[in-house]
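In the numbering used here, the protein residues as written are 1 to 369.
Just so it is clear, CB atoms sit at the ideal spot from N, CA and C, and this is done for glycine as well.
Heads up, the thing below is written out as structure tokens.
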């Protein structure tokens, strides 16, 4: 849902930073079903056309039966020398085997997008991604993988809290979010070109679109995220703490969805972090406990997340060249920590108390102290 390491490179290389108004308005609007205007890329918006900080991604993460795993993303950005580049990324893990990662790049003019009625269509060479509030289809082919997939939205596309965080009074800098598939079913035919292996996979999936056009060191100091795509429910949460220039303010969203309905969708809960462990190398205190309470859209909401075991620590600077690393490290030190976790969420719905608990993936990301 947020910019990757390539964004950090571009941010560091730029000498100018947008004027700061020290105002931030995060997810304060009305939540509700999303439509075509929420699906379309923002690359041609006036504020983004020549903005080197602009990037956008359409990302889907599937939990498949028989221990397969599938993730795909369409990434659009103005990073580097040329504006308007796009990339298709595919990750597939065959049962019992190592993950296969592949990507294809498309210069401006080699890809396109458009709205056809209430449907979005993105074309990248011979690759096509089409869909709307009720679901999505994709035909993707890279050097190593061929994927044809269909996503059926069990819960319609959703826009949390008006859809974004706005930085500055002019509201031209933002982090914008659409939940393309809060909870969906997926069927896909995957061909591994190296071996000729063909696999038909099914499962549950979640997908989102996010866009930002602000330097990442100003966008957020840190992020806390929770994700569970289970057999009966999907539970997602993303909260970010804005930079010091924008008041160190927590803002974000969460939802609980079943195969039949959005059961709860809230914004801007109070976030408390506890039980930290020191990352001496980075100088970060990494919280293993996240406490949540209140917020808009859901009555009586409380939540607790406890990291049980760290599964990864990823320094994004390690992905960069020596020159890039030297420049970027002057602005940010972006590190992601993943945990196997247990959680419990409680809230009121329809006059009844509801509680959801279980195991999930908790991710903590920090960019600056």
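Does the separation of the CB atoms of residue 30 and residue 162 fall below 8 Å? yes
Own chain residues within Cβ distance below 6 Å of residue 345, not counting five before or after: 303 and 356
Reducing DSSP to helix, strand and coil, say where residue 66 ends up. helix
Exposure of residue 90, with buried meaning 16 or more beta-carbon neighbours within 10 Å: Burial check for residue 90: the Cβ neighbour count within 10 Å reaches 16 or more, so the residue is buried.
Could you check whether residue 227 and residue 123 sit closer than 8 Å to each other, using their CB atoms as the reference points? A distance of 8 Å or more separates the beta carbons of residue 123 and residue 227.
Exposed or buried, which one is residue 201 when buried takes at least 16 other CB atoms within 10 Å? buried
Could you tell me whether the segment 132 to 143 touches the segment 170 to 189, where touching means 3 or more Cβ pairs closer than 8 Å? For the pair of segments examined, the segment 132 to 143 was found to touch the segment 170 to 189: the number of CB pairs separated by less than 8 Å reaches three.
In terms of residue numbering, what span does the beta strand (DSSP E) encompassing residue 127 cover? 127 to 132
To the nearest angstrom, how far is the alpha carbon of residue 354 from that of residue 48? 42 Å
What number of angstroms, rounded off, separates the C-alpha of residue 46 from the C-alpha of residue 212? 14 Å
With the cut-off set at 8 Å, would you say residue 94 and residue 197 are in Cβ contact? yes
Candidates 79, 72 and 341: which alpha carbon is nearest residue 128's? The shortest C-alpha to C-alpha distance from residue 128 to any of 79, 72 and 341 is the one to 72.
Between which two residues does the beta strand (DSSP E) containing residue 153 stretch? Here the beta strand (DSSP E) through residue 153 covers 145 to 155.
Since residue 262 and residue 151 are thought to touch, with beta carbons under 8 Å apart, how far apart are those beta carbons, to the nearest angstrom? Incorrect: roughly 17 Å between the Cβ atoms, too far for contact.
Going by C-alpha to C-alpha distance, which of 334, 187 and 364 sits closest to residue 62? 187
Continuous beta strand (DSSP E) stretch holding residue 78: start and end: Where residue 78 is concerned, there is no enclosing beta strand (DSSP E), given that its DSSP letter is neither H nor E.
Residues bridged to residue 287 (per DSSP): 276
Are the beta-carbon atoms belonging to residue 113 and residue 121 less than 8 Å from one another? With a cutoff of 8 Å on beta-carbon distance, residue 113 and residue 121 are scored as near each other.
I'd like to know if the segment 298 to 312 and the segment 335 to 352 are in contact, where contact means that at least 3 CB-CB pairs between them fall below 8 Å. yes
Cβ-Cβ distance between residue 238 and residue 250 below 8 Å: no
If I'm right that residue 92 touches residue 190 with Cβ under 8 Å, what's the distance once you round it to whole angstroms? 6 Å
Please state whether DSSP places residue 163 in a helix, a strand or coil. helix
Return the chain-ordered list of same chain residues with a C-beta closer than 6 Å to the C-beta of residue 141, the five sequence neighbours on each side being excluded. none
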